[in-house]
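Some notes on the structure that comes next.
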Amino acid sequence: MRTFALLACSLMLLGLVSKPLYSQQQEACTVTDKAANLDFALLDMDGAEVKLSDYLGRVILLDFWATWCAPCRIEIPGFIELFDKYEARGLSILGISVDDSVDALQLYAEEMEMDYPVLIGDGRDDVKDAFGPLYGFPTTFLINREGDICHQHTGYAPKEQFEQEILSLL
2 MRTFALLACS LMLLGLVSKP LYSQQQEACT VTDKAANLDF ALLDMDGAEV
52 KLSDYLGRVI LLDFWATWCA PCRIEIPGFI ELFDKYEARG LSILGISVDD
102 SVDALQLYAE EMEMDYPVLI GDGRDDVKDA FGPLYGFPTT FLINREGDIC
152 HQHTGYAPKE QFEQEILSLL
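And the structure:
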């Protein structure tokens, strides 16, 4: 499974998997009638319980990622910038790591200077299945304040695209 996911991440990074380019005008919500299942509690890297439902009422960027995923490593600095820029306006970013031990995650998050919550998703197939199937990593969802999934990206997407989509929901 890990080999397949690595191959999928590599193909997406190289642009061999097609995905639409972002446009200057962004629709607020491109997925209709698909509510996000936020009825989960996960542990963060410090062992604290984080309930996804506590973020209802905010715009949520929910990122499923892995430490071995090159496109994930490329996207994370952009997520940090977006979080710092738009948190006060109602943006929350939650990174769900699908692999690795807590110690490895803490080192990775420190190295990447991640300042948004990093949640432990390893062994949480219930959460992955609620948003899946997840065909590759990163897989990122933008959820509006009402809890609807408005955008989904599998593979790398540029920070500018995420910013346009976030602004359409704030």
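Using the working numbering, the letters of the sequence shown correspond one by one to residues 2 to 171.
Each residue gets a CB set at the ideal place from its N, CA and C atoms; glycine is no exception.
Source: prediction; values computed, not measured.
T155 has T140 as its beta-bridge partners, per DSSP.
Taking a contact to require three or more Cβ pairs closer than 8 Å, the stretch 58-73 and the stretch 92-101 qualify as touching. For N38, the CB contacts under 6 Å within the same chain, skipping 5 residues up- and downstream, are A131 in chain order. Segment contact: the stretch 98-107 against the stretch 81-88, fewer than three CB-CB distances shorter than 8 Å; contact not assigned. Considering only G137, I81, F138 and G122, the residue with the shortest C-alpha distance to E111 is I81. Contact annotation, C151 with L170: C-beta distance approximately 6 Å; criterion of less than 8 Å satisfied.
At a cut-off of 3 residues, the continuous stretches assigned as beta strand (DSSP E) that sit fully inside the stretch 96-127 are 119-121. Distance check between C73 and each of S54, A158 and Q165 places A158 closest, using alpha-carbon atoms only. Annotation: L44 is outside any alpha helix (DSSP H); the continuous beta strand (DSSP E) that includes it extends over A42 to L44.
When only Cα atoms are considered, Y56 and P78 end up about 22 Å apart. A straight line joining the alpha-carbon of E161 with that of I167 spans about 10 Å.
Judged by DSSP in its simplified three-state form, D47 adopts coil rather than helix or strand.
C-alpha of D126 to C-alpha of S54: approximately 18 Å in a straight line. Nearest to A42 by alpha-carbon distance, out of A105, K52, A67 and G48, is K52.
For D64, the enclosing beta strand (DSSP E) stretches over residues V60 to W66. Per the DSSP secondary-structure output, A71 pairs with nothing in a beta bridge.
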